[in-house]
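When you line the sequence shown up against the numbering used here, it's residues 11 to 194, in that order.
We put the beta carbon where it would ideally sit given N, CA and C, even for glycine.
Some notes on the structure that comes next.
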Amino acid sequence: YISKLRWDLTRTISNLRNTLEWTGRPAEQWPIPRRLPRRQFRMTYLRAPFKHKHAMRHSVFLDYRYAFTFHNPENIPETMSTVLGSMGPDTSCTCHFTWFHKGSEQHQKAMLMDPDVRAEDLQAAHRQLEINNAEKIEGQKGKMYSDSRFFVMGLGGYNQVKDRSIASRRRRRPLPVAVDIVSG
Numbered sequence: 011y012i013s014k015l016r017w018d019l020t021r022t023i024s025n026l027r028n029t030l031e032w033t034g035r036p037a038e039q040w041p042i043p044r045r046l047p048r049r050q051f052r053m054t055y056l057r058a059p060f061k062h063k064h065a066m067r068h069s070v071f072l073d074y075r076y077a078f079t080f081h082n083p084e085n086i087p088e089t090m091s092t093v094l095g096s097m098g099p100d101t102s103c104t105c106h107f108t109w110f111h112k113g114s115e116q117h118q119k120a121m122l123m124d125p126d127v128r129a130e131d132l133q134a135a136h137r138q139l140e141i142n143n144a145e146k147i148e149g150q151k152g153k154m155y156s157d158s159r160f161f162v163m164g165l166g167g168y169n170q171v172k173d174r175s176i177a178s179r180r181r182r183r184p185l186p187v188a189v190d191i192v193s194g
């Protein structure tokens with residue numbers, strides 16, 4: 011729930027609590043509340059456009075926010091009606107839905123495999139991640155990747171913008187372009 015007025019948000023939360031009590035749900039199915047950080051919007055503008063331009067007005071607007079998480083709701087329309095019906099006139103609501111399912115057959119087979127085979131698969135995946143991370147680290151050090159490289163050769167240095175501006179002042183022909191394409 012999001013509201014610009016604190017009392018409106020408080021009234022919305024109490025309405026939600028009362029509605030949950032009236033529906034007869036057990037306390038285990040009640041949502042878990044979580045207070046989110048407030049958002050602030052600041053606005054400064056001139057009070058008078060022609061006279062007294064030094065008179066400025068500075069306003070700070072706040073949004074009070076709460077999040078509620080419903081775990082495994084049995085009746086989705088009833089839950090949505092509860093959430094939307096408890097809102098006040100100046101309260102807005104954003105709903106995120108996540109459904110969990112068993113997954114594909116391959117995922118189920120992987121979960122039922124022998125623990126030794128699963129351990130070997132995890133170790134192989136871990137080794138592959140280490141190799142990929144090592145390649146990324148080497149690339150960040152300035153070494154060549156195995157993919158295509160396009161670069162402009164400057165007049166002594168790696169600052170391409172500076173080299174282009176110097177070259178354009180000295181002569182009006184384009185700089186040589188070196189292209190290195192490595193196919194894997």
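Rounded separation between residue i and residue j - CA only
i    : j    : result
N28  : M53  : 37 Å
Q138 : L132 : 10 Å
G95  : E31  : 14 Å
A129 : N143 : 21 Å
A135 : M123 : 16 Å
I49  : T104 : The displayed chain sequence assigns Arg, not Ile, to residue 49. Cα to Cα, the separation comes out at about 15 Å.
H106 : M90  : 11 Å
F71  : V127 : 57 Å
T108 : V93  : 16 Å
P125 : E115 : 18 Å
I141 : K119 : 27 Å
N82  : T20  : 25 Å
Opening and closing residue of the alpha helix (DSSP H) in which residue i lies
i   : result
P87 : 86-95
W32 : 16-33
Distance CB(residue i)-CB(residue j) smaller than 8 Å
i    : j   : result
T101 : T22 : yes
R35  : Y74 : no
Neighbourhood of residue i by C-beta, 8 Å cutoff - its chain only, sequence neighbours within 5 removed
i   : result
M97 : Y11, T22, N25, C103
K14 : F71, L72, D73, Y74, D100
Cutoff 7 Å; reference residue i; Cβ partners in own chain excluding five residues on either side
i    : result
L46  : R75, Y76, A77
K146 : none
6 Å CB neighbourhood of residue i in its chain, flanking five on each side removed
i    : result
R44  : A77
T79  : P41, I42
D18  : G98, D100, T101
D157 : Caution is warranted here: a pLDDT of 44 is assigned to D157, below 50, making its placement in the model unreliable, and the coordinate value is therefore given only provisionally. Same-chain partners within the cutoff: there are none.
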